[in-house]
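J.: Quick one: this structure, given as structure tokens, is what I'll be asking you about.
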Ligand SMILES: Cc1ncc(COP(=O)(O)O)c(C=O)c1O
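Numbering (my numbering), first residue to last: 389 to 835.
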């Protein structure tokens, strides 16, 4: 791998960033100073010619890697036939094929129906709408730490960072947030050392929310991320997820799994829900579904998605080029990348756990995740005080050393590379991570 010593960003990158600063919306999250020129597999190049390992995959999106030749070919072939016709008003085969494939892999036994949209937030919006329609109820329960998107409906459910909500009140009425389950995991990452009241949130629902705030029979849906993504890659206790299902069954509430980040093979199964042995009623999907082409999906049990013509629609949703990319993506994940995710995910988890004792900031933090969705929490002490500034330094030093890695939550670094990542690339990425962490800990006087 070529790691040039060029300043990052270099002069060409800096020039683009300067122009971007003048014209792009000021709302973009404080951005990572990487200016992309091209990508291939799990590697990307900036406009100044520097090469990087991509441990971020465009926020867990490029499932088959950048520009997988078969995906590119599928896109080109479809683009030469037609780019758009509007799936709401017209029929076309590639949209039906994607719906058929998603219905086959849906994480429930019932037959499924599918609505194709453009993004994660739209999939969440539509999930809430279909739950309200089906139950004829209004209220929705969501969780602290959740990220469901930024359109007004999705943002009403998001409770990740206050900056995302400030200035946009009031939100849609009828949304209540409760604590998410966040068990502490042992330093070996996999076994649960101690579950901090795994049932606190579900008890809270029945003992407090349903008794004091809203009657359970007014609640349309509970929406949750089977692994919290932006909240810091938090894997809840299996009993928590099972109890959510029990509560939904008891009160006739729809369980919506927001699998926008955790779905489509990222955790080594099609859906993170499969790790808990629990079936949702509705699934929101996007991100990895089409290897980077914009596509989202609402997948619901057939009896749930029974709304009348005109109740929900979209101009661009289910775009034929995106659908062609999705079909190829699903085929590739099934053919080879699901197995690769399991194998490389185990290697990643083992390597991080092995690294843990060497680094003061890792020692008391969580290493959590499944498959290629793994978070490393950096903390200051046994009380797990978040080390956010240190995390940001690691992110930056890793960039300078030739690797893209993104943060999540207050002080977590997330490993969510393309699902096709090769062992040697992952190995090099881990070395860069440890070098960057060592340098950041030295700067902070921890080593
Ligand atoms: C779990 C989850 N839901 C929804 C969204 C929103 O997706 P989008 O940015 O495509 O609207 C995200 C984005 O990060 C997400 O992680």
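Glycine is no exception: its CB is placed at the ideal position from the N, C-alpha and C atoms.
1) Taking Cβ positions, are residue 494 and residue 807 nearer each other than 7 Å?
2) Going by C-alpha to C-alpha distance, which of 771, 770, 795 and 789 sits closest to residue 778?
3) Excluding sequence positions up to five away, which residues of its chain have a Cβ less than 6 Å from the Cβ of residue 757?
4) With hydrogens ignored, establish whether the beta-carbon of residue 756 is closer than 6 Å to any heavy atom of ligand 1.
5) Could you give the uninterrupted runs of the alpha helix (DSSP H) lying entirely in the segment 512-566, keeping only those of 4 residues or more?
6) Considering only C-alpha positions, which residue in the set 618, 490, 441 and 435 is nearest to residue 711?
7) Does DSSP put residue 628 in a helix, in a strand, or in coil?
8) For residue 660 and residue 651, what's the separation of their Cα atoms in angstroms?
9) Give me the Cα-Cα distance between residue 750 and residue 395, rounded to the nearest whole angstrom.
10) Does residue 729 get closer than 7 Å to chain B when you measure Cβ to Cβ?
11) Do residue 613 and ligand 1 come close, with the Cβ less than 6 Å from some heavy atom?
12) Tell me the start and end of each unbroken beta strand (DSSP E) in the segment 737-786 that is at least 3 residues and wholly inside, in chain order.
13) Under the criterion of a Cβ to heavy atom distance below 6 Å, does residue 535 qualify as lining ligand 1?
14) Evaluate residue 335 with the Cβ neighbour count: other Cβ atoms within 10 Å of its Cβ, from every protein chain shown; 16 or more gives buried, anything less gives exposed.
15) Is there contact between the segment 609-616 and the segment 629-644, where contact requires at least three CB pairs shorter than 8 Å?
16) Taking the continuous alpha helix (DSSP H) assigned at residue 837, which residues delimit it?
17) In the DSSP assignment, what are the bridge partners of residue 505?
18) My understanding is that residue 677 touches residue 514, with C-beta atoms under 8 Å, so please give their C-beta distance in whole angstroms.
19) Is residue 714 buried or exposed, if buried means 16 or more other CB atoms sit within 10 Å of its CB?
20) Taking the DSSP output, what are the residues bridged to residue 440?
21) So, are the CB atoms of residue 527 and residue 606 less than 7 Å apart?
22) What would DSSP say about residue 611, mapped onto helix, strand or coil?
23) Report all residues from its chain with a CB closer than 6 Å to the CB of residue 624; omit the five preceding and five following residues, and keep chain order.
24) In angstroms, rounded to a whole number, what distance separates the CA positions of residue 698 and residue 476?
25) For residue 665, name the three-state secondary structure that DSSP assigns.
26) Taking one C-beta from the segment 735-747 and one from the segment 497-507 each time, how about it: are there three or more such pairs within less than 8 Å?
27) For ligand 1, any of its heavy atoms closer than 6 Å to the Cβ of residue 649?
28) Say whether the segment 547-554 touches the segment 722-738, bearing in mind that this needs 3 or more beta-carbon pairs closer than 8 Å, one atom from each stretch.
29) Taking contact to mean at least 3 C-beta pairs separated by less than 8 Å, is the segment 765-778 in contact with the segment 404-415?
30) At which residues does the alpha helix (DSSP H) containing residue 821 begin and terminate?
31) Out of curiosity, what's the CA-to-CA distance linking residue 631 and residue 723?
32) Please state the DSSP three-state secondary structure of residue 408.
33) I believe residue 680 touches residue 449 by the beta-carbon criterion, under 8 Å. Please report the beta-carbon distance rounded to the nearest angstrom.
34) Let me check understanding here. Comparing Cα to Cα, which of 557, 439, 733 and 541 lies closest to residue 790?
35) What residue range does the alpha helix (DSSP H) around residue 671 cover?
36) Buried or exposed for residue 830, going by 16 or more other Cβ atoms inside 10 Å?
T.: For this structure:
1) no
2) 795
3) 621 and 763
4) no
5) 540-545
6) 490
7) helix
8) 6 Å
9) 29 Å
10) The structure shown contains no chain B; it holds only a single protein chain.
11) yes
12) 755-758 and 761-765
13) yes
14) Given a span of 389 to 835 for the chain in the structure shown, any question on residue 335 remains unanswerable.
15) yes
16) The structure shown does not extend to residue 837, since the chain spans only 389 to 835, so no value can be given for it.
17) 684
18) Wrong, their Cβ atoms sit about 14 Å apart, outside the cutoff.
19) buried
20) 432
21) yes
22) DSSP, reduced to helix, strand and coil, places residue 611 within a strand of the structure shown.
23) 569
24) 9 Å
25) coil
26) Contact between the segment 735-747 and the segment 497-507 is absent, because fewer than three Cβ pairs lie under 8 Å.
27) yes
28) no
29) no
30) 811-831
31) 34 Å
32) Of the three classes helix, strand and coil, the one that applies to residue 408 here is helix, per DSSP.
33) 5 Å
34) 439
35) Bounds of any alpha helix (DSSP H) do not take in residue 671; it lies within the beta strand (DSSP E) bounded by 670-673.
36) exposed
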